[in-house]
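Asks: Numbering (my numbering), first residue to last: 1478 to 1797.
From the three backbone atoms N, C-alpha and C, an ideal C-beta is built for every residue, glycine too.
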Ligand SMILES: Cc1cc2nc3c(=O)[nH]c(=O)nc-3n(C[C@H](O)[C@H](O)[C@H](O)COP(=O)(O)OP(=O)(O)OC[C@H]3O[C@@H](n4cnc5c(N)ncnc54)[C@H](O)[C@@H]3O)c2cc1C
Ligand code: FES
């Protein structure tokens, strides 16, 4: 179902350790939501200079008040600080749900859900969905310090196991999630990994999982200006199933990508061999894009990047 733009009433604003969580009444967004999707919020009010909407993973939806959505955020810059000052009964202009959701295995599988900081927020709705499909869910959550680990209690309550790491050792094991990942994969007999967090974490998780031939579905956080596929600020290079690298849009082709499709080390660049990059030539006949720059030929961010998502063994967003 297509996303919608709504003005929703704020139900609650609560502090969760280092983060804030806002619940908004938005039935049309709630009913369309599938785990892994995000929303964008207009910030600053009608006369503010903060033109760009801010993107947040949807933490969860509930049926009360006809349908509510909740998102969790760190108050960092002007927009998120403004959001942190919202109160019950204020209204928020939100658009969602946006992006492609996490794919769900067709058969029960052992799923390891890895979250870094507030990146764990979208994993709990996913865990519910996986559980309903008969999957076993293990959590591996990490952050800089105890107050930045989001959802440790819920993970311990709902996961078969929950391993926590913090950089300073204030909760769980001292270190990063990737320090313990191999051990967790062995102990949990992991079949598939879902991950959301900082890009370096996603890159390392993908590299470790590759050693065990485990697929990774990574939800990336690339800066987004529009969130709806028109501005191309969120592009990153991803290899399609045909081996060709394309610049894909995180907002509409993602934010969930198969980890081994993303060229992590080339993020922020247009690799010379990406389709449409300056000087790019097709290997064999066919229509070439010769000297066009990425995007000028319409190829950049194709909505169907030859399965750059690589969701074959799973049902893409069949959460229903
Ligand atoms: C899919 C997705 C999910 C996210 N989920 C969460 C979440 O659950 N919780 C959370 O705390 N944060 C989340 N973020 C990050 C969150 O969107 C940013 O932290 C937030 O936009 C920062 O806003 P600010 O007002 O604090 O910062 P400011 O610095 O005041 O504003 C940043 C704004 O500028 C835009 N911007 C910055 N650089 C560029 C650029 N190079 N090109 C285009 N636009 C740019 C940003 O997208 C953002 O809209 C998510 C981001 C994405 C893309
Ligand atoms: S944010 Fe504009 S195309 Fe993705």
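Nearest to residue 1598 by CA position, among 1706, 1536 and 1727, is which residue?
Replies: Along the chain shown, read from residue 1 onward, the residue named residue 1598 stands at position 121. Considering only alpha carbons, the answer is 1536.
Asks: The beta strand (DSSP E) spanning residue 1641 covers which residue range?
Replies: Here the question's residue 1641 lines up with position 164 in the chain shown. From DSSP, the beta strand (DSSP E) with residue 1641 extends over 1638 to 1643.
Asks: Which residue wins for smallest C-alpha separation from residue 1615, given the options 1624, 1627 and 1591?
Replies: Within the chain shown, numbered from 1, the residue matching residue 1615 stands at position 138. For residue 1615, the nearest C-alpha among the options comes from 1591.
Asks: Distance check for residue 1676 and residue 1741, CA to CA, integer angstroms please.
Replies: Within the chain shown, numbered from 1, the residue matching residue 1741 stands at position 264. Within the chain shown, numbered from 1, the residue matching residue 1676 stands at position 199. For residue 1741 and residue 1676, the distance between alpha carbons rounds to 8 Å.
Asks: Distance, Cα to Cα, residue 1517 vs residue 1491?
Replies: Locating residue 1517 in the chain shown gives position 40, counting from the first residue. Locating residue 1491 in the chain shown gives position 14, counting from the first residue. One C-alpha to the other measures close to 19 Å.
Asks: With a threshold of 7 Å (Cβ to nearest heavy atom), would residue 1727 be considered close to ligand 2?
Replies: By one-based count along the chain shown, residue 1727 stands at place 250. Yes, Cβ of residue 1727 sits closer than 7 Å to a heavy atom of ligand 2.
Asks: Take the Cβ of residue 1707 as the centre, count every other Cβ of all protein chains shown within 10 Å, and call the residue buried at 16 or more, exposed below.
Replies: For this step, residue 1707 is matched to residue 230 along the chain shown. Exposed, since its Cβ has fewer than 16 Cβ neighbours within 10 Å.
Asks: When you compare only the Cα positions, how much space is there between residue 1559 and residue 1573?
Replies: Residue numbering aside, residue 1559 sits at position 82 when the chain shown is read from its first letter. Residue numbering aside, residue 1573 sits at position 96 when the chain shown is read from its first letter. If you take the alpha carbons of residue 1559 and residue 1573, they lie about 20 Å apart.
Asks: For residue 1577, list the residues DSSP reports as bridge partners.
Replies: Counting from 1 along the chain shown, the entry for residue 1577 is found at position 100. 1732, per the DSSP bridge assignment.
Asks: With distances taken Cα to Cα, identify the nearest neighbour of residue 1550 among 1617, 1542 and 1595.
Replies: In the chain shown, residue 1550 corresponds to position 73, counting from 1. Checked all of 1617, 1542 and 1595; the closest Cα to residue 1550 is 1595.
Asks: Give a yes or no on whether the C-beta atoms belonging to residue 1568 and residue 1638 are separated by under 8 Å.
Replies: Numbered from its first residue, the chain shown carries residue 1568 at position 91. Numbered from its first residue, the chain shown carries residue 1638 at position 161. No, Cβ-Cβ distance for residue 1568 and residue 1638 is not below 8 Å.
Asks: I need the straight-line Cα distance from residue 1579 to residue 1562, nearest angstrom please.
Replies: In the chain shown, counting from the first residue as 1, residue 1579 sits at position 102. In the chain shown, counting from the first residue as 1, residue 1562 sits at position 85. Roughly 31 Å between the two C-alpha positions.
Asks: What's the gap between the Cα of residue 1763 and the Cα of residue 1493?
Replies: Position 286 of the chain shown, counted from the start, is the residue given in the question as residue 1763. Position 16 of the chain shown, counted from the start, is the residue given in the question as residue 1493. At residue 1763, the pLDDT of 42 sits below 50, so the modelled position is not reliable; the number obtained from the coordinates is stated separately. Going from the Cα of residue 1763 to the Cα of residue 1493 covers about 55 Å.
Asks: Return helix, strand or coil for residue 1584, following the three-state DSSP convention.
Replies: Here the question's residue 1584 lines up with position 107 in the chain shown. Coil.
Asks: Using CA atoms only, rank isn't needed, just tell me which of 1570, 1522, 1626 and 1669 is closest to residue 1583.
Replies: Numbered from its first residue, the chain shown carries residue 1583 at position 106. Among 1570, 1522, 1626 and 1669, the Cα nearest to that of residue 1583 belongs to 1669.
Asks: Would you list the residues sitting across from residue 1693 in a DSSP beta bridge?
Replies: Here residue 1693 refers to the residue found at position 216 of the chain shown. Per DSSP, 1670.
Asks: According to DSSP, simplified to helix, strand and coil, what is residue 1684?
Replies: Indexing the chain shown from 1 puts residue 1684 at position 207. Reduced to three states, the DSSP call for residue 1684 is helix.
Asks: Taking DSSP's pairing of strands, which residues face residue 1534 in a bridge?
Replies: Numbered from its first residue, the chain shown carries residue 1534 at position 57. According to DSSP, residue 1534 bridges with 1515.
Asks: Identify, in the order they occur along the chain, each residue of the same chain with its Cβ nearer than 6 Å to the Cβ of residue 1772, setting aside the five sequence neighbours on each side.
Replies: Within the chain shown, the letter at position 295 stands for residue 1772. With a pLDDT of 33 at residue 1772, under the threshold of 50, the predicted position of this residue should be treated as unreliable, though the coordinate-derived value follows. The residues are 1709.
Asks: So, is residue 1671 buried or exposed, given that buried needs 16 or more other C-beta atoms within 10 angstroms?
Replies: Reading the chain shown from its first residue, position 194 is the one you call residue 1671. By the neighbour-count rule (16 or more Cβ atoms within 10 Å), residue 1671 is buried.
Asks: Reducing DSSP to helix, strand and coil, say where residue 1724 ends up.
Replies: For the purposes of this step, residue 1724 is taken as residue 247 along the chain shown, with counting starting at 1. Reduced to three states, the DSSP call for residue 1724 is strand.
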